[in-house]
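Here the structure is laid out as structure tokens; the discussion comes afterwards.
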């Protein structure tokens, strides 16, 4: 197995681009990643392109627009983990020796659905009966608060922190800070979630260039090594399951740490899948940044703020940077690479050497989530 | 004289997963695997425990415990708002995603199945199984 490094990243600011088609959302991110890497675009040997709701052949459309098609292009759909799953395919392609330079794309246009909650597949039993993603996470939140005696005010601290970070990120969709009172007073979506506890709907694109370590040393002045690349699916459980501890991420985290020989104490900065306020607290616990039930205490201590022991979602996360679902995983990688290179500007986590990304999703009956992909990077 | 046409009845949203007897008593019908005996709701053509394909209809317990719920204000137009939904754990090990009725719900409540109207669209009311708190 060959070592793999990130040699270029790029993205467009997440936001609402109703008049731009998905192809034209995607190519500027690819061009930015190529420019960032400094390589000749013809060195790219294969493309892994993730989108959840973008339709067919999105990778070909984007590469065709840039005049770079004619190489293997694989389109990946894995709901909110689409581009993090594409990333895992790209890492595998390079580590196996099949290709020495590959491109990973994540792109999504959600404004085409005209607002409201993310459309889900009505073939699914629970979706047909009325389940929505906010309602699913809301049930997790209700149960979590019930089991651990955590108040909604404490849970609302997550969007407060992440909006503060997003205000420092020029690529974030939501750039205004909010207070706990504003979070709690915003419009009710699915109790206990008010609007500001839910990620916004929007559009975006991000791209990553990966190379074997040997090629990275030759082509790049500042490669960031991939220490772990993990992808799994949820386990189907038709009966009881504990909604306060996400089976897929707990198992994914354990396997990722085993693969890398690292542990939660080694992570300097992480981007985790905070689609809704409660999610971030649950993921602190799933990754072992704190014990079960102590997520709110960890947040309140300031440990997960920029400047704290383990800053989480310095980009603003899904809650502030935005969550154009298929673009999210790739954009998390962009953020962590910038953090490890020391290029994160006002939201820089000082001295960060090891960073992690985590994207999970897919609301289907009987699963905690459909897919989960975790990556660890080291400079 | 021609007989009056039978009234057109719209199937429940949940199809044959809900049976209502002549007295109006609702019962959920799930599946029971003939090979490994695991019981699931809803009934599906193959068993996720043993891949057996002989899954017989099985009446589910009528009462269960409310595991988690949400009162939902933003959802597709067809649903009655606020839409109360949740997971109910049945004593046979099945967990049921369901609409709920009543505004005094709490986690841990004992709830029982009934038939209810959960929404409305251009074809008229949408009916399905619902759970509501057992009053003792």
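Chains as they are written, first to last, in the working numbering: chain A, 1 to 379; chain B, 380 to 515. C-beta: ideal position from N, C-alpha, C; glycine also.
Nearest Cα to residue 16(A) within the set 8(A), 25(A), 10(A) and 377(A): 25(A). Note that the segment 211-221 of chain A does not touch the segment 316-333 of chain A; fewer than 3 beta-carbon pairs, one per stretch, sit closer than 8 Å. Three or more Cβ pairs drawn from the segment 3-22 of chain A and the segment 107-115 of chain A lie within less than 8 Å of each other, which places the two stretches in contact.
From the beta-carbon of residue 142(A), the residues of chain B found nearer than 8 Å are 447, 448, 449 and 486. Beta-carbon to beta-carbon, residue 194(A) and residue 230(A) are separated by about 33 Å, too far to satisfy the 8 Å threshold. Under a criterion of Cβ atoms nearer than 8 Å, the residues of chain A adjacent to residue 392(B) are, in order, 128 and 129. The C-beta of residue 134(A) comes closer than 8 Å to at least one C-beta of chain B.
Annotation: residue 515(B) is outside any alpha helix (DSSP H) and is labelled neither H nor E by DSSP. The bridge partners DSSP lists for residue 73(A) are 47(A). Straight through space, the alpha carbons of residue 414(B) and residue 44(A) are spaced by roughly 52 Å. The segment 76-93 of chain A makes contact with the segment 32-49 of chain A: 3 or more CB pairs, one atom from each, lie closer than 8 Å. The closest CA to that of residue 345(A), considering only 203(A), 227(A), 165(A) and 190(A), is found on 165(A). A check of alpha carbon separations from residue 282(A) across 171(A), 100(A) and 250(A) identifies 250(A) as the nearest.
When only Cα atoms are considered, residue 57(A) and residue 92(A) end up about 21 Å apart. Exposure of residue 351(A) is indicated by the presence of fewer than 16 other C-beta atoms within 10 angstroms of its C-beta. Chain-ordered listing is empty here: chain A has no CB closer than 9 Å to the CB of residue 510(B), the nearest sitting near 12 Å.
Contact annotation, residue 376(A) with residue 228(A): C-beta distance approximately 4 Å; criterion of less than 8 Å satisfied. Rounded to the nearest whole angstrom, the CA to CA distance from residue 276(A) to residue 162(A) is 11 Å. Counting along the chain, residue 285(A) sits inside no beta strand (DSSP E); it lies in the alpha helix (DSSP H) bounded by residues 277-286.
Under the three-state reduction of DSSP output, residue 137(A) falls in the helix class. Excluding residues up to 5 positions away in sequence, 162, 163, 166, 172 and 174 lie with their Cβ nearer than 6 Å to the Cβ of residue 320(A) in the same chain. If you compare the alpha carbons of 273(A), 81(A) and 369(A) with that of residue 235(A), the shortest gap goes to 369(A). Within chain B, no residue has its CB atom less than 7 Å from the CB of residue 367(A), the nearest being about 11 Å off. Residue 432(B) places its beta carbon 8 Å or farther from that of residue 421(B). Here residue 439(B) is near residue 473(B), since their CB atoms are less than 8 Å apart. Within chain B, not a single residue places a beta-carbon under 8 Å from that of residue 323(A); the smallest gap is close to 16 Å. Proximity to residue 3(A) across 260(A), 361(A), 272(A) and 334(A) peaks at 260(A), based on C-alpha coordinates. Going by DSSP, residue 28(A) is part of the alpha helix (DSSP H) stretching over 22-37.
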